[in-house]
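Trainee: Okay, so the sequence shown: first residue is -16 according to the numbering used here, each after it adds one.
Each residue gets a CB set at the ideal place from its N, CA and C atoms; glycine is no exception.
Computed from a prediction, not measured in an experiment: that's the story for all the values here.
Below you will find the structure I want to go over with you.
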Amino acid sequence: MDRIRIAVLGASGYTGADLVRLAARHPNVEIVALTANTHAGKPLGEVFPHLGMLRLPDLARWEDVDWTRLDAAFCGLPHGTTQEITAAVLGENPALRMIDMSADFRLRNLDVYAEWYGHEHKAPGLQVEAVYGLTEHYREAIGSARLIACPGCYPTAALLALLPIVQNGLVEASDIIIDAKSGVSGAGRSLKQNTLFCEAGEGLSPYSIGKHRHAPEIEQEIGAKAGGPVIVNFTPHLIPMSRGELCTSYLRLSGDASPDDLRDALAAAYAGEEFVRVVGRGVIPQTQNVRGSNYVQIGVFEDRIPGRAIVVSVLDNLVKGSAGQAIQNMNVAFGLDETAGLLQLPLFP
């Protein structure tokens, strides 16, 4: 088939840069446009020297891109900035596939979006058609979607571990505690005091306790599998490393379910999946086992407290948690081999 002509909105951010890194070696992709309004006119190698060896178009303002020439666009802009731009781009080229890595189209309920993001949704007509881009669970819908809302990194790690066991009624959906930790790149590339080296280094910090915006996203998807609304206990932490994410979920088992039942349900759910690995009993998932890759590791453990289990999931927040999953969704949307451009093995050490 002809190469898919793509643009990357927000190419000067960490997720945009990783999208370019992966797409540049994708056998079916041609990078036609890169946008970064604050760096317009610069070569990408000036913003990200590690990509300087690639032959790429210079960064441009998104308004200056000819969107009619493109087949797909990946959006790595901050939340709250994507809705109006997406509407404008799809207005110019209704046939384009928009694969959004921001939070702007993830929440189906517009009132919930307004509550958690502090403003009314600016493209409610498009929200109706947005498909949640958790590939392993929405593959069929993604295949025909024009607008794909890729999950956040924390929800990807948590939901891949929890959805199959909730759907099978093995745990009490009303009693889920998720302790999550992410590398500093998850906070984005803009200057923030809490991500300065002296602030984030040599320490571990929780943030947005009881009010993180990924919580309603996790609740939306778990509630859909549980058959009704749920509230989860979700606490994220910033850990002093560049990449990686680990979610430890504490669960109350249902009825006679055992941790082995949870592991069996996960193994059955992901038996045919390339990128999700359910490890054996006693094997502990670690972020260094997936760094730089699109792979996920999930492990199940018996808690010392009777009737409870612990599930640990790890991924690279910039790959499976963002850019890698976005490319995986593009592959599905265009009928390509789902693993195309994504089979890089983890970097270790």
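Just verifying my parser: in three-state terms, what is the DSSP assignment at residue 46?
Mentor: helix
Trainee: Checking the sheet assignment: what are the DSSP bridge partners for residue 297?
Mentor: 229, 280, per the DSSP bridge assignment.
Trainee: Within this structure, are the beta carbons of residue 270 and residue 162 separated by less than 8 Å?
Mentor: No, they are not a contact pair.
Trainee: Does the region 86 to 100 come into contact with the region 314 to 321, if we say contact requires no fewer than three beta-carbon pairs (one atom in each stretch) closer than 8 Å?
Mentor: no
Trainee: Whole angstroms is fine: what's the gap from residue 120's alpha carbon to residue 17's?
Mentor: Rounded to whole angstroms, residue 120 to residue 17 spans 30 Å at the Cα level.
Trainee: I need the straight-line Cα distance from residue 293 to residue 256, nearest angstrom please.
Mentor: 22 Å
Trainee: Just the Cα atoms here: how many angstroms apart are residue 83 and residue 132?
Mentor: Spanning the two alpha carbons is a distance of roughly 5 Å.
Trainee: Quick check: the Cα distance between residue 304 and residue 238, rounded to an integer number of angstroms?
Mentor: Linking residue 304 to residue 238 through their CA atoms gives a straight-line distance of about 33 Å.
Trainee: To test your reading of the DSSP string, which unbroken alpha helix (DSSP H) runs of 4 or more residues are found completely within the region 78 to 106?
Mentor: Runs of alpha helix (DSSP H) with 4 or more residues, each lying fully within the region 78 to 106, are found at 93 to 100, listed in chain order.
Trainee: Considering residue 160, what are the terminal residues of the beta strand (DSSP E) in which it resides?
Mentor: 154 to 165 is the span of the beta strand (DSSP E), which, as asked, contains residue 160.
Trainee: Looking only at its chain, what residues have a beta carbon closer than 8 Å to the beta carbon of residue 50, apart from the 5 residues adjacent to it on each side?
Mentor: The beta carbon of residue 50 sits closer than 8 Å to the beta carbons of -10, 56, 72, 75, 76, 79 from its chain, once the five residues preceding and following it are set aside; these are given in chain order.
Trainee: Compare the Cα-Cα distances from residue 300 to each of 215, 135, 314, 45 and report the closest residue.
Mentor: 135
Trainee: Which value, in whole angstroms, describes the spacing of the CA atoms of residue 179 and residue 280?
Mentor: 30 Å
Trainee: Got a sec, what are the start and stop residues for the alpha helix (DSSP H) residue 119 sits in?
Mentor: 118 to 126
Trainee: Return helix, strand or coil for residue 250, following the three-state DSSP convention.
Mentor: Per DSSP, reduced to three states, the secondary structure at residue 250 is helical.
Trainee: Does the Cβ of residue 111 have 16 or more other Cβ atoms within 10 Å, making it buried, or fewer, making it exposed?
Mentor: If you draw a 10 Å sphere on the C-beta of residue 111, you find fewer than 16 other C-beta atoms in it, and that means exposed.
Trainee: Specify, as a first and last residue, the run of the alpha helix (DSSP H) that residue 218 falls within.
Mentor: Run containing residue 218: none in the alpha helix (DSSP H); it sits in the beta strand (DSSP E), 216 to 221.
Trainee: Could you give the distance in angstroms between the alpha-carbon of residue 3 and the alpha-carbon of residue -5?
Mentor: If you take the alpha carbons of residue 3 and residue -5, they lie about 10 Å apart.
Trainee: Measuring only the C-alpha atoms, how far is residue 213 from residue 203?
Mentor: 8 Å
Trainee: Please classify residue 265 as buried or exposed, where buried requires at least 16 neighbouring CB atoms within 10 angstroms.
Mentor: exposed
Trainee: Going by DSSP, what residue range makes up the beta strand (DSSP E) through residue 321?
Mentor: It is not in any beta strand (DSSP E) - residue 321 carries neither H nor E in the DSSP assignment.
Trainee: Check the DSSP bridge columns for residue 189 and list the partner residues they point to.
Mentor: 220
Trainee: Thinking C-beta only, is residue 42 closer than 8 Å to residue 24?
Mentor: yes
Trainee: Taking all protein chains shown into account, decide if residue 176 is buried (16 or more other Cβ within 10 angstroms of its Cβ) or exposed.
Mentor: exposed
Trainee: With DSSP run on the structure shown, which of helix, strand or coil describes residue 258?
Mentor: coil
Trainee: Quick test of your reading: residue 315 and residue 118, contact by CB under 8 Å. State the CB separation rounded to the nearest angstrom.
Mentor: 6 Å
Trainee: Could you say which of 28, -14, 254 lies nearest to residue 8 if we only look at CA atoms?
Mentor: -14
Trainee: So for residue 181, helix, strand or coil by DSSP?
Mentor: When DSSP states are grouped into helix, strand and coil, residue 181 belongs to the helix group.
Trainee: Got a sec, what are the start and stop residues for the alpha helix (DSSP H) residue 174 sits in?
Mentor: Here residue 174 belongs to no alpha helix (DSSP H), and DSSP marks it neither H nor E.
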